[in-house]
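When you line the sequence shown up against the numbering used here, it's residues 12 to 215, in that order.
Taking it in order: structure first as structure tokens, then the write-up.
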Amino acid sequence: MMKLYITPGSPYARMARIMVLEKGLEHRVGIELAQTRSTDSPYYRINPSGRVPWLVRDDGPGLEESAVICRYLDHLDGTPDFDLPAGDEAWEALRLGALASSLMDGVAVWGRETRRPQNEQSPTIIRHERDRAARMIDRWETEIDHPAMQGRFNLVQVALVCALELETQYPDFQWREGHEKLSKWLTCVSARPSVRKTALPASR
Ligand SMILES: N[C@@H](CCC(=O)N[C@@H](CS)C(=O)NCC(=O)O)C(=O)O
């Protein structure tokens, strides 16, 4: 049995959890809760970076990084469903994938900052990330028409769902107003069982 270390609120870990369900790997991958962000967590002896997701393979090694873990899980059965398309479409998938990760990275920094004790929060970082997220949501409102976002479920869509649904974690990340297409897209994609079953808990 492989072990996938997660925290319930992590959008990165969620990508790997979605892949487990999409590939029907529940019987091969056990979900383990990791204690992140605490001094001397026993988890650091398992994964020195202390981040999630972390996948401990059957044959021993541990893997870091959501994209790497998703790819590994997709290839386990020898019939990958989430590989990049061929030719120029691959560049489009990579471009959009980077745009989704960039949104997720920014919102994760923003959300994390707002959860620090008040006297440790940086208004500069919060403003910077809030503005970045607003610009990127505007961009996604147009990019969402792209065939890669409308066609078969793929890793770009996985990343974008996980980024946009951070709205349930961070009350300040309310992006739907004025972004009807994106909002409709999310409502549609989030009905997928793998997405529904991995929903992040509401904000603390
Ligand atoms: N690029 C990494 C990012 C993973 C990441 O930052 N995970 C956060 C949770 S959302 C984490 O584990 N943070 C704990 C820490 O920074 O110590 C990935 O895609 O897997």
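Every residue gets a Cβ at the ideal spot worked out from N, C-alpha and C, and that includes glycine.
When the Cα atoms are used, what is the spatial distance from residue i to residue j?
i, j, result
"K34", "P72", "21 Å"
"L66", "A78", "12 Å"
"S205", "A213", "18 Å"
"V63", "A101", "27 Å"
"P91", "L105", "17 Å"
"S52", "L74", "19 Å"
"W186", "L44", "30 Å"
"I148", "L107", "13 Å"
"S21", "T47", "10 Å"
"G122", "H139", "12 Å"
"V31", "D85", "8 Å"
"D94", "R56", "32 Å"
Looking at the strands, I want to know which residues DSSP matches up with residue i.
i, result
"L66", "L15 and L74"
"H108", "The question names His, but residue 108 is Gly in the sequence shown. Answer by DSSP bridge pairing: none, since G108 is not bridged."
"L44", "I17"
Notebook entry, point to check: How about the segment 194-214 and the segment 168-183: do they share at least three Cβ pairs that are nearer than 8 Å?
Noted result: The segment 194-214, when compared against the segment 168-183, does touch it at the 8 Å Cβ threshold.
Margin query: Under 7 Å, CB to any heavy atom of ligand 1. Which residues pass, going along the chain?
Written below: T18, S21, P22, Y23, A24, T47, R48, G61, R62, V63, P64, E75, E76, S77, A78 and A119
Check: Can at least three beta-carbon pairs, one atom from the segment 36-50 and one from the segment 15-28, be found at a separation below 8 Å?
Finding: They touch, by the three-pair rule.
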